[in-house]
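Colleague: Its first residue numbered 10, the sequence shown is counted upward by one per residue in the working numbering. C-beta: ideal position from N, C-alpha, C; glycine also. The model shown is predicted, which means the values in this text are computed figures rather than measured ones.
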Amino acid sequence: MSLKKAKEMQEQARKISMLLKAEGYTTGMIALGVDDSAAVDVFGTRKDALNIMYRMIDNLNDKDKLILLAMLFGIDLGGEKSED
Numbered sequence: 010m011s012l013k014k015a016k017e018m019q020e021q022a023r024k025i026s027m028l029l030k031a032e033g034y035t036t037g038m039i040a041l042g043v044d045d046s047a048a049v050d051v052f053g054t055r056k057d058a059l060n061i062m063y064r065m066i067d068n069l070n071d072k073d074k075l076i077l078l079a080m081l082f083g084i085d086l087g088g089e090k091s092e093d
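Here you go:
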């Protein structure tokens with residue numbers, strides 16, 4: 010991904026955050042992804058942002074939690090890569 014495209018994606022995430030703030034949301038995490046790139050914008054307090062992350066992880070099924078942990082620790086699980 011080009012630097013220009015990455016900056017555009019980050020700007021889009023920031024604009025979405027601004028719209029949500031204008032609607033009265035006090036905390037949010039916006040994550041946009043294309044191929045192997047991602048843009049993230051977080052607003053609100055650290056405590057609230059961590060609470061959102063905890064709730065997202067808590068709602069994952071066990072298989073997805075293990076995949077997430079493997080990604081965080083850089084463990085290659087093998088297997089085929091998804092094309093979607």
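For the ligand COA, any of its heavy atoms closer than 6 Å to the Cβ of Ser11?
Modeller: Only the bare structure without any ligand can be found here, which leaves the ligand COA out of the picture.
Colleague: Return the bridge partner residues of Met38 from the DSSP annotation.
Modeller: Indexing the sequence shown from 1 puts residue 38 at position 29. Paired residue(s): Val51.
Colleague: Name, in chain order, the residues that DSSP records as bridge partners for Ser46.
Modeller: Numbered from 1 along the sequence shown, position 37 holds the residue referred to as residue 46. Per DSSP, Val43.
Colleague: Return the first residue and the last residue of the alpha helix (DSSP H) that Leu81 is part of.
Modeller: Residue numbering aside, residue 81 sits at position 72 when the sequence shown is read from its first letter. It spans Asp71 to Phe82 - the alpha helix (DSSP H) in which Leu81 sits, taken as one unbroken run.
Colleague: Using the Cα positions of Lys81 and Leu69, report the straight-line distance between them to the nearest angstrom.
Modeller: Along the sequence shown, one-based indexing puts residue 81 at 72. Along the sequence shown, one-based indexing puts residue 69 at 60. First, the amino acid is wrong: residue 81 is Leu here, not Lys. The alpha-carbon atoms of Leu81 and Leu69 are separated by roughly 15 Å.
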